[in-house]
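The listed protein sequences derive, respectively, from chains B and F. Quick note: to get our numbering, add 9 to the position in the first sequence (first position is 1). Quick note: to get our numbering, add 616 to the position in the second sequence (first position is 1). Using N, Cα and C, we set each Cβ at its ideal position, and we do this for glycine too. Below is one structure; the comments refer to it alone.
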Amino acid sequence: MKKLSVVVAGTGQIKDIEIQPGTTARDILDQLGLPDYLLSKGPNDPFFAAAESVYDKVADGEKIFASTKAEVGKASGRK
Amino acid sequence: MKVRVLSTKDAPSLLSRIIGQVLGGPAPIMAIKRSQIPYWHERGWRQEGRTYRGTYKTAYGSFIGRIEQVRPGNFRLYIFDPPRDVRKHRHWTCFQSQGNGRYRIHMSRMPDDVSSGILAIERLLTEAFEGR
Numbered sequence: 010m011k012k013l014s015v016v017v018a019g020t021g022q023i024k025d026i027e028i029q030p031g032t033t034a035r036d037i038l039d040q041l042g043l044p045d046y047l048l049s050k051g052p053n054d055p056f057f058a059a060a061e062s063v064y065d066k067v068a069d070g071e072k073i074f075a076s077t078k079a080e081v082g083k084a085s086g087r088k
Numbered sequence: 617m618k619v620r621v622l623s624t625k626d627a628p629s630l631l632s633r634i635i636g637q638v639l640g641g642p643a644p645i646m647a648i649k650r651s652q653i654p655y656w657h658e659r660g661w662r663q664e665g666r667t668y669r670g671t672y673k674t675a676y677g678s679f680i681g682r683i684e685q686v687r688p689g690n691f692r693l694y695i696f697d698p699p700r701d702v703r704k705h706r707h708w709t710c711f712q713s714q715g716n717g718r719y720r721i722h723m724s725r726m727p728d729d730v731s732s733g734i735l736a737i738e739r740l741l742t743e744a745f746e747g748r
């Protein structure tokens, strides 16, 4: 088991969680009620893929970020 | 006279220090409260009305930015004097020059909040520097 602190980027709210080996990013986001978010270790690291095991990529006690999806690009239906 | 001795006292003996520590017990644990602040604030951005000003920070450098909230969930993102490496990035065409070194960054998917927008640009800048 590893303990993690998930920081919701928009609010700064911190959610303390404990994960087991094999826990995926989707597992974490679903259980935190953040299905439209993405997890990352920070701005210098890529997002975790939904099915990627987070357990292997983080250290016990580490802080990771949950942020909403945002993409640079030409076409936007929400401008 | 440069030095004046006001008083003197004996240093505590090793024995009295040990006894003092045993009788006193361990120092009380102090709980440090974590700060729960939005990412934009943590990264030093400032808010003036619906406009946020700060720098996109990467391991390779910081770049002046501005984000205007048009309405909830809709933002205009800007970067000033973007680094040369971004010009080689596949998304360079999404940077629209507005003169005086200011570029508007077009988003194909808007972030829901300012913090997620900053994270997205910081990640893109890092990708550009790392040639990804």
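*Tell me which same chain residues have a C-beta within less than 7 Å of the C-beta of F/S713, skipping the five on either side of it?*
What you label residue 713 of chain F is simply residue 97 of the second sequence in a count that begins at 1. So the qualifying residues of the chain are Y719.
*Taking Cβ positions, are B/L48 and B/I73 nearer each other than 9 Å?*
Counting from one through the first sequence, the residue named residue 48 of chain B turns up at place 39. Counting from one through the first sequence, the residue named residue 73 of chain B turns up at place 64. Yes, Cβ-Cβ distance for B/L48 and B/I73 is below 9 Å.
*Which residue's Cα is closest to the Cα of F/Q685: F/G660, F/I645, F/M646, F/V730?*
As a first step, residue 685 of chain F must be located in the second sequence, where it is residue number 69. The option with the nearest alpha carbon to F/Q685 is F/V730.
_Any contact between the region 63-71 of chain B and the region 10-30 of chain B? By contact I mean 3 or more CB pairs, one from each, below 8 Å._
yes
*Given 8 Å, three or more beta-carbon pairs between the region 667-674 of chain F and the region 732-744 of chain F*: yes
*Under 8 Å from the C-beta of B/T77: neighbouring residues of chain F*: Start at 1 with the first residue of the first sequence, and residue 77 of chain B comes out as number 68. Those are P727, D728, D729, S732, listed as they occur along chain F.
*Return no unless some Cβ of chain F is closer than 9 Å to the Cβ of B/S85.*
Within the first sequence, numbered from 1, the residue matching residue 85 of chain B stands at position 76. A caution first: B/S85 carries a pLDDT of 47, below 50, which makes its placement in the model unreliable, though a value can still be read off. Yes, contact with chain F.
*Are the C-beta atoms of F/I721 and some chain B residue less than 9 Å apart?*
Counted from its first residue, the second sequence places residue 721 of chain F at position 105. F/I721 counts as touching chain B.
*Under 9 Å (Cβ pairs) to chain F, residues found in the region 10-29 of chain B*: S14, V16, V17, A18, G19, T20, G21, Q22, I23
*Could you check where the alpha helix (DSSP H) with F/E658 kicks off and where it finishes?*
Counting from 1 along the second sequence, the entry for residue 658 of chain F is found at position 42. Where F/E658 is concerned, the enclosing alpha helix (DSSP H) stretches over 655-658.
_Beta-carbon spacing of B/A9, B/A58 below 9 Å_ = Nothing can be reported for residue 9 of chain B: it is not among the residues displayed for chain B, which extend from 10 to 88.
*Of all the CB atoms in chain B, is at least one closer than 9 Å to the CB of F/I634?*
One-based indexing of the second sequence puts residue 634 of chain F at position 18. No, no contact with chain B.
*Coarse secondary structure for B/V63, derived from DSSP in three states*: Locating residue 63 of chain B in the first sequence gives position 54, where the first residue counts as 1. Note: B/V63 maps to coil in three-state DSSP.
*Of the listed residues F/G747, F/H705, F/I683, F/A744, nearest to F/M726 (C-alpha basis)*: Indexing the second sequence from 1 puts residue 726 of chain F at position 110. Looking at the Cα atoms, F/I683 is the closest of the given residues.
*Could you tell me which residues DSSP puts in a beta bridge with F/L735?*
Counting from one through the second sequence, the residue named residue 735 of chain F turns up at place 119. Answer is none; F/L735 lacks a bridge partner.
*Helix, strand or coil at B/K24 according to DSSP, with G and I counted as helix*: By 1-based counting over the first sequence, the position of residue 24 of chain B is 15. Correct three-state label for B/K24: strand.
*Checking contacts by CB at 9 Å: is B/D39 closer than that to chain F?*
Here residue 39 of chain B refers to the residue found at position 30 when the first sequence is read from its first residue. No, B/D39 does not count as interfacial toward chain F.
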